[in-house]
Amino acid sequence: MQQNKHYLLGVCLTICGLLAACGKEATFEGYKNLPNKTWRIDSTVVFAFNIAEHRKLYDLYYNVRNTISYPYYNLYTQVELVDASGKVLWNKLLDTNLLDAKTGKPYGTGIGDMYDHEILLLKQYQFATQGLYTLKFKHQMRNDTLPDVMAVGVKVLESNQ
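The opening residue of the sequence shown carries number 1 in our numbering; numbering runs sequentially from there.
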């Protein structure tokens with residue numbers, strides 16, 4: 001029952017996010033649910049997407065879905081953008097605030113006890129060639145297991161410039 005409730009809330013949040021991006025069709029968008037609402041340190045979340053028009057500029061977003069019970073105010077995540085040959089094109093350690101450190105008030109958009117966060121990774125990025133690209137996410141928190149992280153997602157949009 002509880003699992004179905006979280007699934008339905010996740011669907012509602014996804015629909016809200018799609019409506020917020022009115023007029024923009026994503027080149028790629030996807031979420032990967034984490035088993036038991038837990039992100040393990042040895043679990044890399046990977047998204048592969050195809051770029052057909054490499055001369056265009058793109059905005060790349062990282063999405064995190066967590067519950068209000070997430071025990072920290074921030075989330076350190078190592079992110080890599082890799083081309084089809086395996087070459088790392090971009091690599092960064094992100095420090096994302098999910099909650100206000102003083103008040104505990106959650107950031108992002110929420111329904112019930114679930115919150116979605118959309119973080120801009122790269123703005124107006126131009127891919128060198130058309131083809132397959134991969135974004136890889138791995139948490140870098142002190143604890144090996146992060147509770148109450150429900151899903152990780154990616155959105156690739158043509159940039160408005």
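Glycine residues also receive a C-beta, built at the ideal position from the N, C-alpha and C atoms.
Just so we're clear, the structure is a prediction, and the values are computed from it rather than from any experiment.
Reference residue i; option with closest CA among the options
i	options	result
residue 89	114, 152 and 121	121
residue 117	52, 95 and 127	95
residue 44	160, 158, 102 and 138	138
residue 104	73, 92, 61 and 86	73
residue 87	70, 135, 42 and 29	135
residue 133	160, 83 and 79	83
Supposed contact pair residue j and residue i - C-beta distance, whole angstroms, cut 8 Å
i	j	result
residue 37	residue 152	Not confirmed; about 12 Å, so no contact.
residue 130	residue 54	5 Å
residue 156	residue 27	5 Å
Boundaries of the beta strand (DSSP E) in which residue i is found, first to last residue
i	result
residue 48	45-51
residue 151	149-158
residue 104	No beta strand (DSSP E) holds residue 104; DSSP gives it neither H nor E.
residue 78	74-83
residue 131	131-139
residue 92	88-97
Cβ neighbour criterion (16 or more within 10 Å) applied to residue i
i	result
residue 65	buried
residue 143	exposed
residue 108	buried
residue 19	Only weak support is given to the placement of residue 19: the predicted model assigns it a pLDDT of 44, under 50, and the value that follows is read from those uncertain coordinates. Counting Cβ neighbours within 10 Å, residue 19 comes out exposed, since fewer than 16 surround it.
residue 16	With a pLDDT of only 49 at residue 16, under the threshold of 50, the placement of this residue in the model should not be trusted, and no figure is reported.
residue 59	buried
Bridge-paired residues (DSSP) for residue i
i	result
residue 111	114
residue 25	DSSP, once it has assigned bridges, lists no residue as partnering residue 25.
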